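Q:
2 protein chains.
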Amino acid sequence: MSETSSGSRTLEVSLGSRSYPIHIGPGLLGQPDALAPWLAGRQVMIVTNEVVAPLYLERCRASLPEGVEVRELVLPDGEATKTLASVERIWDALLEAGFNRRCTLVALGGGVIGDMVGFAAACYQRGVAFIQVPTTLLSQVDSSVGGKTGVNHPLGKNMIGAFWQPRAVLIDTETLASLPPRELSAGLAEVIKYGLIRDVDFLAWLEREMAALRDLAPEAMARAIERSCAIKAEIVAEDETEQGVRALLNLGHTFGHAIEAHQGYGVWLHGEAVGAGMLMAAELSARLGWLGAAEVARARAIIEAAGLPLAAPADMSVEDFLARMRLDKKNIDSRLRLVLLRSLGDACVHDETPLELLETLIETFPRVD
Amino acid sequence: MSETSSGSRTLEVSLGSRSYPIHIGPGLLGQPDALAPWLAGRQVMIVTNEVVAPLYLERCRASLPEGVEVRELVLPDGEATKTLASVERIWDALLEAGFNRRCTLVALGGGVIGDMVGFAAACYQRGVAFIQVPTTLLSQVDSSVGGKTGVNHPLGKNMIGAFWQPRAVLIDTETLASLPPRELSAGLAEVIKYGLIRDVDFLAWLEREMAALRDLAPEAMARAIERSCAIKAEIVAEDETEQGVRALLNLGHTFGHAIEAHQGYGVWLHGEAVGAGMLMAAELSARLGWLGAAEVARARAIIEAAGLPLAAPADMSVEDFLARMRLDKKNIDSRLRLVLLRSLGDACVHDETPLELLETLIETFPRVD
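So the protein lines, in turn, are chains A and B.
Position in the first sequence (from 1) plus 28 gives the number in this note's numbering.
Position in the second sequence (from 1) plus 28 gives the number in this note's numbering.
(1) What are the residues of the segment 179-202 of chain A that lie near chain B, defined by any Cβ-Cβ distance shorter than 7 Å?
(2) Is the Cβ-Cβ distance between A/Leu212 and A/Arg255 less than 9 Å?
(3) Does any C-beta atom of chain B lie closer than 9 Å to the C-beta of A/Tyr48?
(4) Measuring straight from C-alpha to C-alpha, what distance separates B/Leu39 and B/Thr269?
(5) Is it buried or exposed, A/Val98, if we count other Cβ atoms within 10 angstroms and call 16 or more buried?
(6) Let me see if you follow: with CB-CB separation under 9 Å, is A/Ala286 close to chain B or not?
(7) Taking only three categories from DSSP, how would you classify A/Phe2?
(8) With respect to the beta strand (DSSP E) encompassing A/Thr38, which residues constitute its N-terminal and C-terminal limits?
(9) Here's a check: name, in chain order, each residue in its chain whose Cβ is nearer than 8 Å to the Cβ of A/Tyr222, leaving out the five neighbours to either side.
(10) Only counting runs of 4 or more residues, tell me where the alpha helix (DSSP H) segments fall wholly within the segment 118-151 of chain A, in order along the chain.
(11) Under 9 Å between C-beta atoms, does A/Gln153 make it to chain B?
(12) What is the DSSP secondary structure of B/Ser47, counted as helix, strand or coil?
(13) For B/Ala245, return the contacting residues in chain A, with the cut-off set at a CB-CB distance below 7 Å.
(14) For B/Asn186, which of helix, strand or coil comes out of DSSP?
(15) Any heavy atom of the ligand ZN inside 8 Å of the beta-carbon of A/Asp243?
(16) Taking DSSP as the reference, what is the three-state secondary structure of B/Ala375?
(17) Select from the segment 121-138 of chain B all residues with a C-beta closer than 8 Å to any C-beta belonging to chain A, and list them in chain order.
(18) Could you tell me if A/Arg129 is buried or exposed, where buried requires 16 or more neighbouring beta carbons within 10 angstroms of its beta carbon?
(19) Do you know how far the Cα of B/Val264 is from the Cα of B/Gly175?
(20) How about B/Arg354: is its C-beta nearer than 9 Å to some C-beta of chain A?
(21) Is it the case that the segment 317-325 of chain B contacts the segment 368-376 of chain B, given that we only count it when at least three CB pairs across the two stretches are under 8 Å?
(22) Between the segment 316-334 of chain A and chain B, which residues of the former have a C-beta closer than 9 Å to a C-beta of the latter?
(23) Between which two residues does the beta strand (DSSP E) holding A/Phe393 run?
(24) On the three-pair Cβ rule with 8 Å, is the segment 293-312 of chain B touching the segment 329-342 of chain B?
(25) Under 8 Å by Cβ, that's how I've got A/Asp356 and A/Thr282 pegged, so tell me the actual separation to the nearest angstrom.
(26) Thinking B/Val179 and B/Asp143 are a contact (beta carbons under 8 Å), I'd like their distance in whole angstroms, please.
(27) Is DSSP giving A/Thr381 helix, strand or coil here?
(28) Does the pairing of the segment 93-111 of chain B with the segment 290-298 of chain B give three or more beta-carbon distances under 8 Å?
(29) Do A/Val197 and A/Ile390 have their beta-carbon atoms positioned less than 9 Å apart in this structure?
(30) With distances taken from CA atoms, which of B/Ala125, B/Arg117, B/Val134 is nearest B/Cys88?
(31) Helix, strand or coil for B/Gly303? Go by DSSP, reduced to three states.
(32) Whole angstroms are fine: how far does the CA of A/Ala64 sit from the CA of A/Pro93?
(33) Cα separation between B/Ala187 and A/Leu244?
(34) Going by beta carbon distance, what residues of the same chain come within less than 6 Å of A/Arg395, once the five residues before and after it are set aside?
(35) Hey, is A/Leu112's beta-carbon within less than 9 Å of any beta-carbon in chain B?
(36) Helix, strand or coil for B/Asn180? Go by DSSP, reduced to three states.
What follows is the structure in structure tokens.
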């Protein structure tokens, strides 16, 4: 972590020849040439959505040097658009513009834009450069770090994709001012996750600062983003393609993905589903004898304080959950693998949960009224 | 290169942790457990096409060990099916079967099947294992070696894809017995290419053995495949992602892709377009003063002896060629890069061909009657 006089900070994600920097700070977007060092050539396409474009497209364009050929593509907003068809629109636009393999894609927006643009970059002419400019808390602390790209399939979330690293990530913390409160809460789910899986001190800090974070207090927010990115960068550097430790980042996600898929993508926000899913994982960990009641209560309290749901959708049966969870990418052969908590701040991957215990947990977990 | 008592040979493609073997020999397909060492887990999907399935699907299945879950997917035949829609059919089938990230795809067929299945494997759950079982000469000497995968787009060939290496390549030379003569010639185009770009001794050997190769003489064919794979493996090991020397493998392809795209994929076979394209590259090299008339005559003679076209489609204008060539993946910014011949057996990438020279070459190159 290095700090400059302007208050911006730079983290490095260490991945050998694919290493890249994460710049975090207020007002980064719009600084002339902020994007210049990371361009592969002179062809640039900014891809964003209808909500973000009126807010930040102009500033993003202003961060590009003179003399580059800039195209813009504005897609619809929302998780429901995270489909192969949207990625095809990006490929069509690139080909219609005659862009070659030294072009650069800029993903301006939240996680949906980042995942789609990253995947489009991964597969356009077998791989071109891209830069992440995440504008939501969720994408700033999660999806813009680590190189996971992809789209949803009717039968499962993120089922089609690639590992493809950006050239750089530019996090302008001022963009959070335009974020709806519900999306802020969804982002905080992933921030809480880092505390739960790896850093109990950070969790304690979050318990103290949660009100400030929901008020967008600049110092607290910058620190939360930095620590989240640092933990994620550390884990990704250890395990780029999710053979081992990286799976811990999926705490709450196996349950959460089942909720999202069952409800139809975009009905629950990803972070909302992960919030409820983390609580399910904590309660299952308690049933395995790993967490005590006080620890589960702490997990529940911080999830609640972030404004996240503490219950699953009313109409989801045990079988609705299990059918979706059996498709999870972490599973090996037909064995269900779950990320659970040995204690607060210490997660593990577990594939020996008795099915009965899991069924009882899902059965008895509260449902939304 | 190692040789076993059964007459089969094994080459290694050296790519660090992504290294893999190429096994070449008669009757490899159908040997029990021939595929066993390369499976990632217990879920296997064999993807093939309607022409290959009746010939080799049974033998391929017999090469898998007992106890694995085997699914089969039979796609239509032909370059025209090399689309994202076909790859989506593979993804749909994998998800419907509940296959996880430790599954293995087996590509049984020609280059179209190999490219599509490789791309499907590259992007299914962000990457799963696959094995190439090429059954055409073209795919045995070219597309199954080197990890280029992908599909065509209406605006360009192989525009969408990924670099993704197979776990192994199994070349059963007996499968060539069922190959139509036109496809055999198309495969010989790539064999000739290796001689032209890298090995003038191999070119001379091909001049002597061309009749035997067109008669499928087993010894000559085995040697031609081995030498071709060895040259390609050597070049790929030097430059996996085509930053430099690998571009030489595109001799004749910039012209050839323009022909294929203009005619509509599948009208000319890939190898036929490359055959004419190599002659165009040789003649352009002569106009640059690099090749003499005798060398161009040798190139023309071997291309003709292989049964390949010596003329471009009748209706293709200079602009038809140039418009397609400007989209070529080798281009940097707007600069046209061509693979040309300094001499027979010595290719180079050249981006300073005067446009006028190129236009005259295309203008005066013979057209099909």
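All C-beta atoms, glycine included, are put in the ideal place defined by N, C-alpha and C.
Here the structure is a predicted model, which is why all the values come from computation and not from measurement.
A: Taking the geometry as given:
(1) His181, Leu183, Gly184, Met187, Ile188, Gly189, Ala190, Phe191
(2) Position 184 of the first sequence, counted from the start, is the residue given in the question as residue 212 of chain A. Position 227 of the first sequence, counted from the start, is the residue given in the question as residue 255 of chain A. Here A/Leu212 is not near A/Arg255, since their CB atoms are 9 Å or more apart.
(3) As a first step, residue 48 of chain A is located in the first sequence; it is residue number 20 there, counting from the start. Using beta-carbon distances, A/Tyr48 does not count as an interface residue toward chain B, since no partner is under 9 Å.
(4) Here residue 39 of chain B corresponds to residue number 11 of the second sequence, with the count starting at 1. Here residue 269 of chain B corresponds to residue number 241 of the second sequence, with the count starting at 1. Annotation: B/Leu39 to B/Thr269 spans about 20 Å, alpha carbon to alpha carbon.
(5) Locating residue 98 of chain A in the first sequence gives position 70, where the first residue counts as 1. Exposed: under 16 other Cβ atoms inside 10 Å.
(6) In the first sequence, counting from the first residue as 1, residue 286 of chain A sits at position 258. No, A/Ala286 does not count as interfacial toward chain B.
(7) The structure shown does not extend to residue 2 of chain A, since chain A is modelled only from 29 to 397, so the question has no answer here.
(8) Position 10 of the first sequence holds residue 38 of chain A. Taken as a continuous stretch (DSSP letters only), the beta strand (DSSP E) holding A/Thr38 covers 37-41.
(9) Taking the first sequence and counting its residues from 1, one reaches residue 222 of chain A at position 194. Answer for A/Tyr222: Val169, Phe230, Arg255, Ser256, Ile259, Lys260, listed in chain order.
(10) 139-151
(11) Numbered from its first residue, the first sequence carries residue 153 of chain A at position 125. Interface residue, yes.
(12) Here residue 47 of chain B corresponds to residue number 19 of the second sequence, with the count starting at 1. Three-state DSSP puts B/Ser47 in coil, outside helix and strand.
(13) The sequence position of residue 245 of chain B within the second sequence is 217, counting from 1. At a beta-carbon threshold of 7 Å, none of the residues of chain A lie near B/Ala245; the nearest stands roughly 36 Å away.
(14) Taking the first residue of the second sequence as position 1, residue 186 of chain B is located at position 158. The answer is strand: DSSP assigns B/Asn186 an E or B state.
(15) Here there are no bound small molecules, and the ligand ZN is not part of this structure.
(16) One-based indexing of the second sequence puts residue 375 of chain B at position 347. Note: B/Ala375 maps to strand in three-state DSSP.
(17) Leu123, Glu124, Gly126, Asn128, Arg129, Arg130
(18) In the first sequence, residue 129 of chain A corresponds to position 101, counting from 1. Per the 10 Å Cβ criterion, buried.
(19) Looking up residue 175 of chain B in the second sequence gives position 147. Looking up residue 264 of chain B in the second sequence gives position 236. Cα to Cα, the separation comes out at about 9 Å.
(20) To locate residue 354 of chain B, count along the second sequence from 1; it is residue 326. Yes, contact with chain A.
(21) Enough Cβ pairs lie closer than 8 Å, so yes.
(22) Here the close residues number zero.
(23) Start at 1 with the first residue of the first sequence, and residue 393 of chain A comes out as number 365. Secondary structure note for A/Phe393: it is in no beta strand (DSSP E), with a DSSP letter that is neither H nor E.
(24) yes
(25) By 1-based counting over the first sequence, the position of residue 356 of chain A is 328. By 1-based counting over the first sequence, the position of residue 282 of chain A is 254. Between A/Thr282 and A/Asp356 the Cβ distance is about 5 Å, and since that is below 8 Å, they are a contact.
(26) Here residue 179 of chain B refers to the residue found at position 151 of the second sequence. Here residue 143 of chain B refers to the residue found at position 115 of the second sequence. Contact holds; Cβ gap of about 7 Å.
(27) Along the first sequence, read from residue 1 onward, the residue named residue 381 of chain A stands at position 353. In this structure, A/Thr381 counts as coil in the three-state DSSP scheme.
(28) Contact between the segment 93-111 of chain B and the segment 290-298 of chain B is present: 3 or more CB-CB pairs across the two stretches fall below 8 Å.
(29) In the first sequence, counting from the first residue as 1, residue 390 of chain A sits at position 362. In the first sequence, counting from the first residue as 1, residue 197 of chain A sits at position 169. The answer is no: Cβ separation not under 9 Å.
(30) Within the second sequence, residue 88 of chain B is the residue found at index 60, counting from 1. If we check each option's Cα against that of B/Cys88, B/Val134 comes out closest.
(31) As a working mapping, residue 303 of chain B is identified with position 275 in the second sequence. Residue state, collapsed to three classes: helix.
(32) The count along the first sequence starts at 1 and reaches residue 93 of chain A at position 65. The count along the first sequence starts at 1 and reaches residue 64 of chain A at position 36. Spanning the two alpha carbons is a distance of roughly 6 Å.
(33) Counting from 1 along the second sequence, the entry for residue 187 of chain B is found at position 159. Counting from 1 along the first sequence, the entry for residue 244 of chain A is found at position 216. Note that residue 187 of chain B is Met in the sequence shown, not Ala. When rounded, the distance between both Cα atoms is 43 Å.
(34) On the first sequence, residue 395 of chain A is found 367 positions in, with the first residue counted as 1. In its chain, beyond the 5 residues on either side, Ala339, Ala340, Ala342 have a beta carbon closer than 6 Å to the beta carbon of A/Arg395.
(35) Working through the first sequence from its first residue, we reach residue 112 of chain A at position 84. So yes, A/Leu112 belongs to the interface.
(36) For the purposes of this step, residue 180 of chain B is identified with residue 152 of the second sequence, where counting begins at 1. B/Asn180 falls in the strand class under three-state DSSP.
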